[in-house]
Structures are given as structure tokens and as C-alpha cells.
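Numbering (our numbering), first residue to last: 16 to 193.
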């Protein structure tokens, strides 16, 4: 587990300059990209796995320290809670813990997707908040009950390279348009 956390930390740091370049006009330099969310949650899980309750508290402290820089351009507290609850949901837990994690994930997804805009922007809220939020339980059920013997289409590490590449492309385009 620590190996995965280390890899995510490395890619989060590697892609950060491209993220800053892409969003330099909209966000301060210390705003962090989404890979830091994944790295922090994976680190919490690794610390909990290795050290038990003290590791859990250390991981929660790490997440608390990252809430502000992540809330500026990433998913903030609700994104951290969503990532953490999904990690619990997909880990080998009791059914009751999985149900609790699913409920927390659903509620944080509602907050993350801005369901509060239903009254002032109903069409946007329906498309960007309600539909993705309703699709989450369907995807969770599908992943649980459908066979997982599928072959992977994309090469290993594709996400990391494409994430950094698309940020770099966005940054270069924004510089070219200035």
C-alpha cells in the first residue's frame, strides 16, 4: 500500500508544475491538483494498515492539512471525504461499514456536485449534479455484481501520463492565447 502512495505522491509532484501553468490565471500557485487527493487518501490507508489507530490519526491530520490547498482548485473537503469513503466502500469491510461508506460517498457526491443549485440553475444542476449523483449507485451496483474478468484496454500508467499531458497542453494553450 505504501508503494502505491509513494507513486501517487511522485506523480502529484511531477504534474503540479503543469497544473500551475494551466491554471495560473485562476488559482494561486499553492492550489493542488487532484492527484494530491488520491495520494493523501492512499497515504492515510497505508498508515492505517501499517500502524493501526495512530496511523489513522496521522493520515487524518495529513488530510486536514491539505483541505485548504485542495479546496482552491480541486475538490476540497467533500472530495477528500468522497475519495476516503469510496476507498472504504471498495475495501474488504463488513456489510454495515460498506453501507455507511456508500451513504457518506453519496452525500459527499451531492455536496461536491453542487445540488444546492437546483433552484437558481435547474438545467445545469440536473445535468451536472443530479444525473452524476444518481448514476453513482448504479455504477457501484454494476461493479459489485458484474464479472470483473475484463481486459484492460489502456496501458499501465496511462492516467498519470495523460493527466500531466492534458494539463501541459492546457497551460501551453492558455499561454498562446495571451
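All C-beta atoms in this analysis are idealised placements derived from N, C-alpha and C, irrespective of residue type, glycine included. Only a predicted model underlies this, so the values are computations on that prediction, with no experimental measurement involved.
Please say whether residue 101 and residue 79 have beta carbons closer to each other than 7 Å? Sequence index remark: in the chain shown, residue 79 carries index 64 (1-based). Sequence index remark: in the chain shown, residue 101 carries index 86 (1-based). It is not a contact, given that the beta carbons lie outside the stated cut-off.
Report yes or no: do three or more beta-carbon pairs, one from the segment 88-105 and one from the segment 137-150, lie closer than 8 Å? Inter-segment contact for the segment 88-105 and the segment 137-150 is absent: fewer than three beta-carbon pairs are separated by less than 8 Å.
Tell me which residue opens and which closes the alpha helix (DSSP H) that residue 67 is part of. For the purposes of this step, residue 67 is identified with residue 52 of the chain shown, where counting begins at 1. For residue 67, no alpha helix (DSSP H) segment is defined, and its DSSP state is neither H nor E.
Using beta-carbon positions only, say whether residue 85 and residue 47 come within less than 7 Å of one another. Counting from 1 along the chain shown, the entry for residue 85 is found at position 70. Counting from 1 along the chain shown, the entry for residue 47 is found at position 32. Yes. Within cutoff.
Considering only residues of the segment 83-136, which uninterrupted alpha helix (DSSP H) runs meet the minimum length of 4 residues and lie entirely inside it, listed in chain order? Here the runs fully enclosed are 91-104 and 110-127.
Helix or strand or just coil, what does DSSP make of residue 160? As a working note, residue 160 is residue 145 in the chain shown. Residue 160: helix per DSSP, three-state reduction.
Between the CA atoms of residue 37 and residue 176 - distance to the nearest angstrom: Here residue 176 corresponds to residue number 161 of the chain shown, with the count starting at 1. Here residue 37 corresponds to residue number 22 of the chain shown, with the count starting at 1. Here the C-alpha atom of residue 176 lies approximately 16 Å from the C-alpha atom of residue 37.
State the DSSP-derived secondary structure class of residue 60, mapped to helix, strand or coil. For the purposes of this step, residue 60 is identified with residue 45 of the chain shown, where counting begins at 1. In this structure, DSSP gives residue 60 a helical state, which the three-state scheme calls helix.
Does residue 77 get closer than 7 Å to chain D when you measure Cβ to Cβ? Here there is only one protein chain, and chain D is not present.
What residue does the alpha helix (DSSP H) around residue 44 start on, and which one ends it? As a position in the chain shown, residue 44 is number 29, starting the count at 1. Bounds of any alpha helix (DSSP H) do not take in residue 44, whose DSSP letter is neither H nor E.
Mapping the DSSP letters down to three states, classify residue 81 as helix, strand or coil. Here residue 81 refers to the residue found at position 66 when the chain shown is read from its first residue. Residue 81 falls in the helix class under three-state DSSP.
Terminal residues of the continuous alpha helix (DSSP H) containing residue 19? On the chain shown, position 4 is the one that residue 19 refers to. Boundaries of the alpha helix (DSSP H) around residue 19: 17-38.
Measure the alpha-carbon distance for residue 191 versus residue 172 and round it to whole angstroms. By 1-based counting over the chain shown, the position of residue 191 is 176. By 1-based counting over the chain shown, the position of residue 172 is 157. Answer to the nearest angstrom: the Cα atoms are 29 Å apart.
Quick check: what's the CA-CA separation for residue 152 versus residue 104? Residue numbering aside, residue 152 sits at position 137 when the chain shown is read from its first letter. Residue numbering aside, residue 104 sits at position 89 when the chain shown is read from its first letter. The straight-line gap from Cα to Cα measures roughly 12 Å.
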